[in-house]
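Step one of this worksheet: look at the structure below.
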Amino acid sequence: MEKFKTFLSKKDIEFSVKRYGIDALGAMAQGLFCSLLIGTILNTLGAQFNIDCLTMPIISVNETDYTVGGLASSMSGPAMAVAIGYALRCPPLVLFSLITVGFSSNALGGAGGPLAVYFIAIISSELGKAVSKETKIDILITPLVTIITGISVSALLAPALGKAAMKIGELIMLATNLQPFLMGIAVSVLVGIALTLPISSAAICAAFGLTGLAGGAAVAGCCAQMIGFAVMSFPENKLGGLVSQGIGTSMLQMGNIIKNPKIWIAPIVTSAITGPIATCFFHLEMNGTPVSSGMGTCGFVGQIGVYTGWIDDIANGTKASVTAVDWIGLLMISFILPAVICPAVNLLLKKIGWVKEGDMTLS
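In the working numbering, the protein residues as written are 837 to 1199.
See the structure below:
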């Protein structure tokens, strides 16, 4: 046993909540931000402002055209895997091999792609580190072990993780059958939680075609998480944290949630409040593309989706015009209410000692 511990220490393999639940998960969120979310923002900017260099295809692969943003988004799997490997202090040959591992696990994982990348990249990283520099043909053995392990485990686990993520989608769809008040609460809370978890809320919403009033509740839940975390953690993270969480992703807080799950209470409570306000008071509907329902304020895709839905409804005659109440509802649900309610709830949590200063600091 002592020899094994010595070997693990030499290889910098540490089985701990901090290494896997905080360091790796936090780095993974940054990898997701630098690929999928940046790509989404670029595509949205290009489409809404008619920027040719962002909307025109720059490359075609197997008859599929890619824009700049499309290329960035398609690299989300490799980006997340390499970020995890970096956090686990992988040697170069292991780190570079994780590009293939990330691509395969994300592709096979579907809506659970990020979750698949997380588990499989950790397994591949640690096995790759274990064999690194143990033979005279390290340049062959280390990449082979890392890549073969990653692809094999991807084939075994990734589809199952994808199905598990879709179970959340099925639960969301069951919630859409409830009357508007309860539906607003359930959909808003569930989609908001999915947004912050290492799964794809956008892919779930797209797969189930979540639009209409339920889509509006989904937007509310996502905004409660993103704007909520961004504003209530402002004292710790300042402007950088406000931007990265507010128009990036609340998944950046997953490492901190692992350390203190109670920091998640305020955004979840906020989503439970804003969801029914969206459905019952403002009658907020998402009639744009279903994927926009699960994006929240990321690149303002959720808000742009609501707006394009308004325009489409006017064009097909189901809506007369965009009213002041429409705009007030969108602004209140997307930005104002989460920015007010979430910090207020968090203040109560601080007073009872459940949340402390520094609990939401981003590394």
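Even glycine gets a Cβ: it sits at the ideal position worked out from N, Cα and C.
* Using the Cα positions of Leu-1185 and Phe-843, report the straight-line distance between them to the nearest angstrom. => In the sequence shown, counting from the first residue as 1, residue 1185 sits at position 349. In the sequence shown, counting from the first residue as 1, residue 843 sits at position 7. Going by the C-alpha atoms only, they are around 43 Å apart.
* **Beta-carbon spacing of Ser-1086, Gln-1061 below 8 Å** => Numbered from its first residue, the sequence shown carries residue 1086 at position 250. Numbered from its first residue, the sequence shown carries residue 1061 at position 225. Yes, these two residues count as a Cβ contact at 8 Å.
* Contacts around Leu-1046, its chain only, beta-carbon distance under 6 Å, and the 5 residues preceding and following it disregarded -> The residue labelled residue 1046 in the question sits at position 210 within the sequence shown. So the list reads Ala-1054, Pro-1126 and Ser-1129, once near-sequence residues are dropped.
* **Paired residues, beta bridge with Met-1122 - DSSP** => Taking the sequence shown and counting its residues from 1, one reaches residue 1122 at position 286. Beta-bridge annotation (DSSP): Met-1122 is paired with Gly-1048.
* What did DSSP end up calling Asp-848 once you bin it into helix, strand or coil? -> Along the sequence shown, one-based indexing puts residue 848 at 12. Asp-848 carries a coil assignment under DSSP once its states are collapsed to helix, strand and coil.
* To do: Whole angstroms is fine: what's the gap from Val-1067's alpha carbon to Cys-1058's?
  => As a first step, residue 1067 must be located in the sequence shown, where it is residue number 231. As a first step, residue 1058 must be located in the sequence shown, where it is residue number 222. Near 14 Å, if we compare the C-alpha coordinates of Cys-1058 and Val-1067.
* Label Thr-978 either buried or exposed according to how many other C-beta atoms from any shown protein chain fall within 10 Å of its C-beta, with 16 as the threshold for buried. => Taking the first residue of the sequence shown as 1, we reach residue 978 at position 142. By the 10 Å Cβ count, Thr-978 comes out buried.
* **C-alpha gap between Asp-1148 and Gly-1124, whole angstroms** => Position 312 of the sequence shown, counted from the first residue, corresponds to residue 1148. Position 288 of the sequence shown, counted from the first residue, corresponds to residue 1124. Note on geometry: alpha-carbon atoms of Asp-1148 and Gly-1124 lie some 8 Å from one another.
* Asked: Between which two residues does the alpha helix (DSSP H) harbouring Asp-1162 extend?
  -> Along the sequence shown, one-based indexing puts residue 1162 at 326. Taken as a continuous stretch (DSSP letters only), the alpha helix (DSSP H) holding Asp-1162 covers 1160-1167.
* Own chain, CB closer than 6 Å to Leu-1173, minus 5 neighbours either side, in chain order -> Residue mapping note: residue 1173 aligns to position 337 of the sequence shown, counting from 1. So the qualifying residues of the chain are Thr-1110.
* Asked: Are the C-beta of Leu-881 and some C-beta of chain D separated by less than 8 Å?
  -> No chain D appears in this structure, which consists of one protein chain only.
* To do: Kindly indicate which three-state DSSP category Asp-1195 falls into: helix, strand or coil?
  => Walking along the sequence shown from the start, residue 1195 turns up at place 359. Three-state DSSP puts Asp-1195 in coil, outside helix and strand.
* Environment of Ala-1039 [buried if 16+ CB atoms lie within 10 Å] -> Locating residue 1039 in the sequence shown gives position 203, where the first residue counts as 1. With 16 or more other Cβ atoms within 10 Å, it is buried.
* **Alpha-carbon to alpha-carbon, Thr-1106 and Thr-1115** => Within the sequence shown, the letter at position 279 stands for residue 1115. Within the sequence shown, the letter at position 270 stands for residue 1106. So the alpha carbons of these two residues sit roughly 14 Å apart.
* **Which listed residue (Val-1176, Ser-990 and Asn-942) has its alpha carbon closest to that of Ser-912** => Indexing the sequence shown from 1 puts residue 912 at position 76. Comparing C-alpha distances from Ser-912 to each of Val-1176, Ser-990 and Asn-942 shows the shortest one belongs to Asn-942.
* To do: Look up Ile-895 in the DSSP assignment and say whether it is helix, strand or coil.
  => Translated into positions along the sequence shown, residue 895 becomes position 59. The answer is strand: DSSP assigns Ile-895 an E or B state.
* Asked: So what does DSSP say about Thr-903, is it helix, strand or coil?
  -> The sequence position of residue 903 within the sequence shown is 67, counting from 1. Reduced to three states, the DSSP call for Thr-903 is coil.
* Asked: Any idea if Trp-1100 is buried or exposed, counting beta-carbon neighbours within 10 angstroms, 16 or more meaning buried?
  -> The residue given as residue 1100 occupies position 264 in the sequence shown. Buried is the call here.
* Grab me the residues of Asp-901's own chain with a C-beta within less than 7 Å of its C-beta, minus the 5 sequence neighbours each way, in chain order. => Looking up residue 901 in the sequence shown gives position 65. Result list for Asp-901: Pro-893, in chain order.
* When the Cα atoms are used, what is the spatial distance from Ala-1042 to Met-1131? -> Here the question's residue 1042 lines up with position 206 in the sequence shown. Here the question's residue 1131 lines up with position 295 in the sequence shown. Rounded to whole angstroms, Ala-1042 to Met-1131 spans 11 Å at the Cα level.
* **Reduced DSSP secondary structure (H/G/I, E/B, other) of Gly-857** => On the sequence shown, residue 857 is found 21 positions in, with the first residue counted as 1. Of the three classes helix, strand and coil, the one that applies to Gly-857 here is helix, per DSSP.
* Leaving out five residues before and five after Gly-1091 in sequence, what residues of the same chain have Cβ atoms less than 8 Å from its Cβ? -> Along the sequence shown, one-based indexing puts residue 1091 at 255. So the qualifying residues of the chain are Gly-857, Ile-858, Asp-859, Leu-861, Gly-862, Ala-865 and Ser-1199.
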